[in-house]
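A.B. asks: Before I ask anything, let me first share the structure, which is written out below as structure tokens.
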Amino acid sequence: MATHHRVIILGSGPAGSTAAIYAARAELEPVVFEGIQPGGQLTITTEVENYPGFVNGITGPELMDICKEQAERFGAKYIMDEAIEADLSQAPFKLTMNEGEYTCDALIIATGATARWLNIPSEAKYKGHGVSACATCDGFFFKDKEIAVVGGGDSAIEEATFLTKFATKVTIIHRRDELRASKIMQEKARNNPKIEFAYSYVIDEILGEDDPPHVTSVRLKSTKDGSTKEIPMDGIFMGIGHTPNSSIFEGQLEMNKDGYIITLGKSTKTNVPGIFAAGDVQDFTYKQAISAAGSGCMAALDAERYLEEI
Ligand code: NAP
């Protein structure tokens, strides 16, 4: 027998928790399924300096703990589980979690996004043995070592800057000769004596030894002339963006070619009435904690209005 709630929120990052605060204050008694990474991607970042209200910055995990506490103060209930299947063909919507079946009248999807990988065999081989996508999780293991970060966006620069705390040298490998990152982040990296740039290169292969498995070098391939070169390296961090966590809704909700859930106009409404999407699972433009929080607020208000009308 499925447990029924008026509003279920999937995800507990800035979007999910803000939706929970608003839905709880509207007395909708929302239930938040925290997902595989409670608190979302902010919990694996370091200092958050651009979230309004915190003059001196705040750490990602701290910020997410505060948001959760704030939602719980108004009666939101957090459950540590994730949705593994969804039947959105009719209301009430059916969700299968690892533990139990649930139904709801309104669903807010705030499942966020997950770090992207290069998907080359040597990357998989050395994952956890010198290859990582989380600088804050694994940076410590590379004290006094040489590290490469792949990517040219804000994530790559942020990771590289953070990793200079441990590494002797961090090389940013970027496939073009121009970074995508914001000017202020670029400036920060250029002024850091430990950061070097390998422009117009992609990783051709990660090389290492098997017993115990560890990375020893990386073979780079020029995107300009196809030439290759091998450079010694102890660790490789991926900073090449993210993929929206929307796969369980495939074929049931309208999505763009990259899997981002499409929302209608300026709302958080999906193509299915009663289902709303907020945060990185639907935002391929801004992808900021504050914009995710804003859309979480919108989703709760949209859900509240929907429930008043049915
Ligand atoms: P992003 O802006 O999409 O950048 C991804 C980078 O990885 C791009 O430079 C891209 O190259 C490269 N890339 C993608 N696929 C690749 C592949 N297969 N091989 C090699 N390179 C590849 O992603 P992001 O850096 O994660 O940032 C996402 C959003 O979060 C942005 O809006 C950013 O501003 C925001 N963010 C902000 C902060 C902050 O303000 N502190 C920190 C982190 C992220 P191309 O440039 O050639 O496409």
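Going by this note's numbering, the first residue of the sequence shown is number 1, and it counts up by one from there.
In this text, a Cβ means the ideal position worked out from N, Cα and C, and glycines have one as well.
Is D302 near the ligand NAP, in the sense that its beta carbon is under 7 Å from a heavy atom of that ligand?
C.D. replies: Answer for D302: no, Cβ out of range of the ligand NAP.
A.B. asks: Along the alpha helix (DSSP H) that carries F162, what are the first and last residues, could you check?
C.D. replies: It spans D154 to L163 - the alpha helix (DSSP H) in which F162 sits, taken as one unbroken run.
A.B. asks: Report whether the distance from the Cβ of V150 to the nearest heavy atom of the ligand NAP is below 7 Å.
C.D. replies: Answer for V150: yes, Cβ within range of the ligand NAP.
A.B. asks: If you run the structure through DSSP and keep just helix, strand and coil, what is V281?
C.D. replies: Three-state result, V281: helix.
A.B. asks: Looking only at DSSP bridge pairs, what is R219 linked to?
C.D. replies: E205 and E230.
A.B. asks: Tell me whether the segment 237 to 246 and the segment 88 to 105 touch, counting them as touching only if at least three CB pairs, one residue from each stretch, are closer than 8 Å.
C.D. replies: Counting Cβ pairs under 8 Å, fewer than three are found: no touch.
A.B. asks: Could you please give the first and the last residue of the uninterrupted beta strand (DSSP E) stretch that includes T171?
C.D. replies: Where T171 is concerned, the enclosing beta strand (DSSP E) stretches over K169 to H174.
A.B. asks: Which partner residues does L107 have in the DSSP bridge list?
C.D. replies: According to DSSP, L107 bridges with I8 and I275.
A.B. asks: If you compare alpha carbons, which of T136, S222, S295 and S246 is closest to T59?
C.D. replies: For T59, the nearest C-alpha among the options comes from T136.
A.B. asks: Any beta carbon from chain D within less than 8 Å of G265's own beta carbon?
C.D. replies: Structure shown: chain D not included; a single protein chain is present.
A.B. asks: Helix, strand or coil for P244 per DSSP?
C.D. replies: Three-state DSSP puts P244 in a strand.
A.B. asks: Taking only the alpha-carbon atoms, compute the straight-line gap between I206 and K221 and give it to the nearest angstrom.
C.D. replies: Roughly 12 Å separates the two Cα atoms.
A.B. asks: Exposed or buried, what is A181 when buried is set at 16 or more other beta-carbons lying within 10 Å of its beta-carbon?
C.D. replies: Buried, because 16 or more other Cβ atoms sit within 10 Å of the Cβ of A181.
A.B. asks: Answer with buried or exposed for G112, where buried requires no fewer than 16 other C-beta atoms within 10 angstroms of its C-beta.
C.D. replies: Result: buried.
A.B. asks: Out of curiosity, what's the CA-to-CA distance linking N50 and D211?
C.D. replies: When rounded, the distance between both Cα atoms is 43 Å.
A.B. asks: If contacts are defined as beta-carbon pairs under 8 Å, then K143 and F166 qualify, I think. What distance do you get, rounded to the angstrom?
C.D. replies: Indeed, because the Cβ distance is near 5 Å, the residues count as touching under 8 Å.
A.B. asks: Hey, would you say the C-beta of N56 is under 7 Å away from at least one heavy atom of the ligand NAP?
C.D. replies: Not so, every heavy atom of the ligand NAP lies at least 7 Å from the Cβ.
A.B. asks: Spell out a yes or no on whether the segment 23 to 37 and the segment 75 to 83 are touching, meaning 3 or more CB-CB pairs, one atom from each, closer than 8 Å.
C.D. replies: A contact exists between the segment 23 to 37 and the segment 75 to 83.
A.B. asks: Would you grab the beta carbon distance between A15 and A292 for me? Rounded to a whole angstrom, and I think it's under 8 Å.
C.D. replies: That pair is a contact at about 4 Å.
A.B. asks: Which residue comes first and which comes last in the beta strand (DSSP E) that contains E304?
C.D. replies: Careful: E304 lies outside any beta strand (DSSP E), inside the alpha helix (DSSP H) at A289 to E309.
A.B. asks: Whose CA, out of R219, E123 and D87, lies closest to the CA of L107?
C.D. replies: The shortest Cα separation from L107 among R219, E123 and D87 belongs to D87.
A.B. asks: Quick one: Cα of A278 to Cα of S246, how far?
C.D. replies: Taking the straight line from one Cα to the other gives about 12 Å.
A.B. asks: Kindly indicate the opening and closing residues of the beta strand (DSSP E) around L95.
C.D. replies: L95 -> beta strand (DSSP E) spans F93 to M97.
A.B. asks: Suppose contacts are defined by Cβ-Cβ distances below 8 Å. Is D105 in contact with L307 by that definition?
C.D. replies: For D105 and L307, yes; Cβs fall inside 8 Å.
A.B. asks: Could you compute how far the alpha carbon of V170 sits from the alpha carbon of D280?
C.D. replies: Distance between the alpha carbons of V170 and D280 is about 28 Å.
A.B. asks: Roughly how far, in whole angstroms, is the beta-carbon of G296 from the beta-carbon of A110, given that I think they are within contact range, below 8 Å?
C.D. replies: Confirmed, about 6 Å.
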